[in-house]
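Here is the structure we will look at, set down as structure tokens.
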Amino acid sequence: MQRSPNNQHGSGTNTGVTQRKTKRRDDSEFQDTFQDFKDEIRRTLHATKNEIGQEIKNYNQLLLQDIKENLDKLTTTTEELRRDVAGITREFSVIKEEFTSLRASVEFASNQYDDINKKLSLFSNDIKKIEALEIELQDIKNQHQALEAIINTNDQRDRLLNLEFVGIPESKDENLNDLTVKIAQAANVTINISDIVQVNRISPRVKIQGRPRTVVVKFQSRLIKENILSGARKNRISTKSIHLPGNPVPIFVNEHLTPYNKILLKKLKDYAKNKEIQYVWTKNGRLYMRKNNLSPAVQIQKEQDFIKRNFN
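Below, the structure is given as structure tokens:
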């Protein structure tokens, strides 16, 4: 800086004092004006994020320090500050747009929520109807099972005098009445043809190649039927026992069970094998099982009767 001519001659003492006072007053007015400016900035930036506010605060502190150190940089610093404020304003505009978009999204979600509530209400009504139908369906199933049980019982009762002979080879000129008498003799039971009401072969639902059809015999009395069944269980009967030619083939004598009871008996035998149950048998068309010699006999009428039991 160039010195004032008055300073050079040493006669400008009052003028220098006046200039210093004026400078101090200007500085004071400037600081007051700048303080108002900062307050305005703070009010403007109050709605922005805390991080931006802290950044402005730090920046203002640096700005004050720079002002104190070098007043010549005030104009440049002020311009930079204005650019920062402009940037913040733009960021605020972006935030405002994002907030508007978020608000629209919230309104859309609210509408979707209302629609979902309406649909849930409809679904709730449908579920109640379905539950009512399920109850009705279960009642129908129970009635159907009860009806099937009655039909099966009646069907088995009609077979009470019947026996099945499984494994007898077929021939064109066979005499089933004569074969029945011979099987009875092999079981140590003496009968006449007159004791036989009816005898015939029945075709299985699924025919197996090479396996003869089962012979079903109906007797005049249950006593004859039970005696033959008991004797057949004690004596191993084969084709040799009834004087049929060829290699001996086992002949099995069983009660004539209904299809339902046959399926149930097979499931029961498989279950007994897995659970190491010693006894499974039929008597008068009824199915029984017993864990061992010390266990009581249990009648089986449906699959649940043995599945739900604990034989471990």
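In full-length UniProt numbering, the protein residues as written are 1 to 312. Note that beta-carbon positions come from the ideal geometry of N, C-alpha and C, so glycine has one too. The structure displayed is predicted, hence computed values, not measured ones.
Buried or exposed (CB count within 10 angstroms, at least 16 for buried), residue i
i	result
valine 206	exposed
threonine 180	buried
glutamine 65	exposed
glutamate 131	exposed
isoleucine 150	exposed
alanine 232	buried
lysine 73	exposed
phenylalanine 123	exposed
isoleucine 300	buried
Test item: CB-CB of residue i and residue j under 8 Å
i	j	result
leucine 268	valine 280	yes
asparagine 293	asparagine 152	no
valine 253	phenylalanine 165	yes
arginine 286	valine 298	no
isoleucine 135	isoleucine 183	no
histidine 256	arginine 157	no
glutamate 170	proline 212	yes
arginine 236	leucine 161	no
aspartate 195	isoleucine 168	no
aspartate 155	threonine 258	yes
DSSP state of residue i mapped onto helix, strand, coil
i	result
glutamine 278	coil
proline 169	coil
threonine 214	strand
glutamine 8	In this predicted model, glutamine 8 has a pLDDT of only 47, less than 50, meaning its place in the structure is not dependable; the value taken from the coordinates is given anyway. In the structure shown, glutamine 8 sits in a helix (DSSP, three-state: H, G or I).
glutamate 174	coil
proline 250	strand
arginine 3	Low confidence applies to arginine 3: its pLDDT is 48, below 50, so where it sits in the model is not reliable enough to give any reading.
glutamate 164	strand
glutamine 301	coil
Reference residue i; option with closest CA among the options
i	options	result
isoleucine 88	Ser194, Gln143, Ser105, Lys49	Lys49
serine 295	Asn310, Leu223, Lys283	Asn310
aspartate 178	His243, Thr22, Ile41, Leu62	His243
leucine 163	Lys172, Glu51, Asn227	Asn227
Cβ contact (3+ pairs, closer than 8 Å) linking the stretch 215-222 and the stretch 194-201: These segments touch.
Three-pair Cβ contact test at 8 Å for the stretch 269-277 versus the stretch 180-189: Using a C-beta cut-off of 8 Å, the stretch 269-277 makes no contact with the stretch 180-189, since fewer than three inter-stretch Cβ pairs fall below that distance.
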